[in-house]
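Converting from the sequence shown to the numbering used here requires adding 12 to each position, the first position being numbered 1. Report on the following structure.
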Amino acid sequence: MNFHVVTLFPKVIEAYTSASILGRAQKRRRPESSARREKILSVKTYQLRDFAGNKWGKVDGRPYGGGPGMVLRAEPILAAVRKIKENKPRAKVIITAAGGKPLTNAYAKELTKQKDVIIVCGRYEGIDARAKKILKAQEVSVGPYILTGGEVPALAVIDATARQLKGVLGKFESLEESRVASHDVYTRPEALKVRGKSYRVPKVLLSGHHANMDSWKQKKRSKPA
Numbered sequence: 013m014n015f016h017v018v019t020l021f022p023k024v025i026e027a028y029t030s031a032s033i034l035g036r037a038q039k040r041r042r043p044e045s046s047a048r049r050e051k052i053l054s055v056k057t058y059q060l061r062d063f064a065g066n067k068w069g070k071v072d073g074r075p076y077g078g079g080p081g082m083v084l085r086a087e088p089i090l091a092a093v094r095k096i097k098e099n100k101p102r103a104k105v106i107i108t109a110a111g112g113k114p115l116t117n118a119y120a121k122e123l124t125k126q127k128d129v130i131i132v133c134g135r136y137e138g139i140d141a142r143a144k145k146i147l148k149a150q151e152v153s154v155g156p157y158i159l160t161g162g163e164v165p166a167l168a169v170i171d172a173t174a175r176q177l178k179g180v181l182g183k184f185e186s187l188e189e190s191r192v193a194s195h196d197v198y199t200r201p202e203a204l205k206v207r208g209k210s211y212r213v214p215k216v217l218l219s220g221h222h223a224n225m226d227s228w229k230q231k232k233r234s235k236p237a
């Protein structure tokens with residue numbers, strides 16, 4: 013699966029996706045692929061300023077109707093997506109936006125059906141609405157709050173989707189939604205002493221009784237925070 017991220021800050025995307033699980037996934041090949049041995053995951057960034065269409069690399073403008081801040085112009089975004097689609101004509105286009113479709117595990121799993129996904133990162137006061145209309149893009153939100161830019165949401169989309177791909181998670185890892193897991197987890201030592209007080213691992217997790225442990229995890233998972 014290939015992600016193409018259009019952003020003003022490529023290094024933000026590259027720093028995260030080149031590390032840990034996502035970094036390893038980009039080096040692995042799909043065992044069931046053809047002779048070309050395609051990679052399981054690919055994340056490529058595109059500097060939006062490269063498509064500015066002017067010598068200053070200016071990609072924003074003041075909003076019509078007044079208001080604070082600046083708005084990303086439609087032309088550079090259209091040019092960037094057009095360039096990507098020259099070789100990936102069927103790529104799905106996503107725009108990160110606070111009011112978009114909520115990012116869920118179900119949405120991420122559905123996204124894995126796409127071979128190529130283009131993510132346009134918003135910035136400033138947003139993106140000229142005509143870009144979304146022309147590109148027939150889908151707006152996606154990672155939560156009911158406002159962030160400085162679309163890079164963090166883009167990384168969330170990539171991370172949530174990539175871990176749904178076969179071969180991304182390692183041998184000793186599995187999807188939380190496919191097993192019984194709780195929000196409370198423990199490891200050694202069995203008794204943690206802090207300022208004279210002992211904090212112990214719940215006895216049920218030490219019992220070896222899998223049915224009881226799964227029941228405890230299920231209760232903890234469904235219990236409100």
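Every residue, glycine too, gets a C-beta built ideally from N, C-alpha and C. All figures in this text were calculated on a predicted structure; none of them were measured in a lab.
According to the DSSP assignment, residue 62 belongs to no alpha helix (DSSP H), since it is labelled neither H nor E. Exclusion of the five residues before and after residue 64 leaves 70, 71 and 88 as the residues of its chain whose Cβ lies within less than 8 Å of its Cβ.
Considering only 115, 131 and 171, the residue with the shortest C-alpha distance to residue 156 is 115. For residue 76, there is no enclosing beta strand (DSSP E), as DSSP marks it with neither H nor E. Residue burial is scored here from C-beta neighbours: residue 197 has fewer than 16 other C-beta atoms within 10 angstroms and is therefore classed as exposed. Two segments are said to touch when three or more pairs of C-beta atoms, one from each, lie closer than 8 Å; by this definition the segment 141-149 does not touch the segment 161-179. Under the three-state reduction of DSSP, residue 35 is assigned to helix.
In the three-state reduction of the DSSP assignment, residue 226 falls in the helix class, which pools H, G and I. The beta carbon of residue 202 sits closer than 6 Å to those of 213, all from its chain and outside the five residues before and after it, given in chain order.
When only Cα atoms are considered, residue 175 and residue 181 end up about 6 Å apart. In the structure shown, residue 119 falls within a helical segment according to DSSP collapsed to helix, strand and coil.
Exclusion of the five residues before and after residue 224 leaves 216 as the residues of its chain whose Cβ lies within less than 6 Å of its Cβ.
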